[in-house]
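K.L.:
Numbering (UniProt numbering), first residue to last: 1 to 297. Note that CB positions come from ideal geometry on N, CA and C, so glycine has one too. All of these numbers come straight from a predicted model, not from anything done at the bench.
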Amino acid sequence: MMANCLPKSCLPISSKCRERGDPFESLIHGFPYSIDSYVKVVPGLVEEGYRVVVPSLRGFGTTTFLSPTTLRSAEQAALGKDIIDLMDGLDIDKATFVGYDWGTVAVNTAAALWPDRCSGMVAANSYLIQNRQNAWAVTSPDSLATRWYFYVFLTPQGYSSPASDVKGWARALWSKNSQQWNFTEPELDVATLALQNADYVDIATNFYRSRLLYAPGNPQYSDLAYSLDQQPPITVPSVTLDPDQAVVFSATNGSFTAKFFTGLRVHHVVPGCGEAIPLEKPQVLVDAVLEVQKLRR
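1. According to DSSP, is D199 helix, strand or coil?
2. In its own chain, which residues sit with a C-beta less than 6 Å from the C-beta of M121, not counting the 5 before and 5 after it?
3. Determine the closest residue to F256 out of V247, A246 and D242, with distance taken between C-alpha atoms.
4. Out of P282, A288 and E291, state which residue places its alpha-carbon closest to the alpha-carbon of K40.
5. Tell me I83's beta-bridge partners as DSSP assigns them.
6. When DSSP labels each residue in this structure, what does R58 get in the three-state scheme?
7. Please name the residue, chosen from L212, E47, P219 and F60, that lies closest to S34 on a Cα-to-Cα basis.
8. For F97, write down the residues that DSSP places opposite it in a beta bridge.
9. Taking buried to mean at least 16 other C-beta atoms within 10 Å of its own C-beta, is W136 buried or exposed?
10. Mind the definition here: the segment 185 to 193 touches the segment 128 to 135 only if three or more C-beta pairs lie below 8 Å; say whether that holds.
11. Based on the DSSP secondary-structure assignment, which residues constitute the bridge partners of L241?
12. According to DSSP, which residues form a beta bridge with F234?
13. Identify the continuous alpha helix (DSSP H) that holds N108 and give its terminal residues.
14. Could you give the residue range of the alpha helix (DSSP H) that holds S164?
15. On the premise that L27 lies in contact with V54, defined as a C-beta separation below 8 Å, what is that separation, rounded to the nearest angstrom?
16. Should W148 go down as buried or exposed, given a rule of 16 or more other Cβ atoms within 10 Å for buried?
17. How big is the Cα-Cα spacing for A95 and P216?
18. Out of A163, E48, H29 and F150, which one is the CA nearest neighbour of T104?
19. Can you check which of these residues, F261, G254, S73 and T262, is closest to V270 by C-alpha distance?
20. Just to confirm before moving on: does the CB-CB distance between Y127 and F260 stay below 8 Å?
21. Can you pull the DSSP bridge partners for R51?
22. When the distance is taken between beta carbons, is L113 closer than 8 Å to L285?
23. State yes or no: is the C-beta of E158 within less than 8 Å of the C-beta of V166?
24. For E291 and S119, I'd like the C-alpha separation in whole angstroms.
25. DSSP state of N206, grouped into three classes?
26. How would you call G21, buried or exposed, if buried means at least 16 neighbouring beta carbons within 10 angstroms?
27. Measure the alpha-carbon distance for S67 versus K294 and round it to whole angstroms.
28. Take the Cβ of T240 as the centre, count every other Cβ of all protein chains shown within 10 Å, and call the residue buried at 16 or more, exposed below.
Structure, rendered in structure tokens:
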């Protein structure tokens, strides 16, 4: 049965829970997507006996800030802490964290800083925790070209344009970041509904402005932010996935990020897949979760 779950955290996170058995899985979506990106993943996990929680990222879906004065921050520390706050609110002791795109940032952060709350991790693009000192490291023109929107979001038009055409921006990013994925108009419509949140544009732009040092962090997370600058390792059993058609982060054999994994880790390249793994290759994520379970034994 699908039900709405209300956490007790300072930032209520809208989520869908499907309950059956144990253990727990927490599936974190990316940008500009919604919890519905996991609609083809959840049934497979439930069939395997997992209890699944799929929360909206802050600023997406029906999430709301309790105070109008709270900084609308999407820094990596905030995204990771939201996972832990949600687990506290739902009285979940441990879970396997699954994420792609922004979701990878969130699950990397939560797994690295709170390993006692994480029984395992599945992450696209392996490790995306940022050391802010490297925010403006020199990179190639080709790499900069694929990340064009990172820099557009630093400008006034980068705020006003997505605010005036949420669906158009989602369509553009889906098309460019998953070029072989023939998504449907209904799939785009469902995701666009989750992008109508009053805080969506603030959160979307802050994510990139934070990563490129154009926006200050929330002092509430300053200690966590400092810890993340050290790029702490992932110690829990992990399966990492690189889509071979990914545009922003090219597929690798996993060797470059191996230094960030001190626990058991298996890396796979996902053929014929772009950024939106759960929508393009849902069974790959189900299989990865099962593989993490085997690594724990």
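P.N.:
On the basis of the supplied data:
1. DSSP places D199 in coil when its eight states are reduced to three.
2. Shown here for M121: same chain residues with a beta carbon closer than 6 Å to its own, the five before and five after excluded, namely F97, V107, A111, V236 and S238 in chain order.
3. The option with the nearest alpha carbon to F256 is D242.
4. Nearest of P282, A288 and E291 to K40, Cα basis: P282.
5. For I83, DSSP assigns no beta-bridge partner whatsoever.
6. R58 falls in the coil class under three-state DSSP.
7. Ranked by Cα distance from S34, the first of L212, E47, P219 and F60 is F60.
8. Beta-bridge analysis with DSSP links F97 to S26 and M121.
9. It is exposed - the Cβ of W136 has fewer than 16 other Cβ atoms within 10 Å.
10. As far as the Cβ criterion goes, the segment 185 to 193 does not touch the segment 128 to 135, which means the pair count is below three.
11. A124 and H268, per the DSSP bridge assignment.
12. Residue identity differs from the one stated: residue 234 is Ile in this sequence, not Phe. Answer is F261, bridged to I234.
13. Its alpha helix (DSSP H) spans residues W102 to L113.
14. Taken as a continuous stretch (DSSP letters only), the alpha helix (DSSP H) holding S164 covers Q157 to S164.
15. The C-beta distance from V54 to L27 rounds to 5 Å, short enough to meet the 8 Å contact threshold.
16. Flag for W148 reads exposed.
17. CA-CA distance, A95 to P216, rounds to 31 Å.
18. Per the Cα distances, H29.
19. Nearest C-alpha to V270: G254.
20. Their beta carbons are under 8 Å apart, which means Y127 touches F260 by this criterion.
21. R51 is bridged by DSSP to F24.
22. Between L285 and L113, the gap from beta carbon to beta carbon reaches 8 Å or more.
23. Going by the sequence as given, residue 158 is Gly instead of Glu. Contact: no.
24. The straight-line gap separating the alpha-carbon atoms of E291 and S119 is approximately 12 Å.
25. Reduced to three states, the DSSP call for N206 is helix.
26. Below a pLDDT of 50, predicted positions are generally treated as unreliable, and G21, at 48, falls in that range; no measurement from the model is reported.
27. Within the model, the alpha-carbon separation for S67 versus K294 is close to 43 Å.
28. Buried is the call here.
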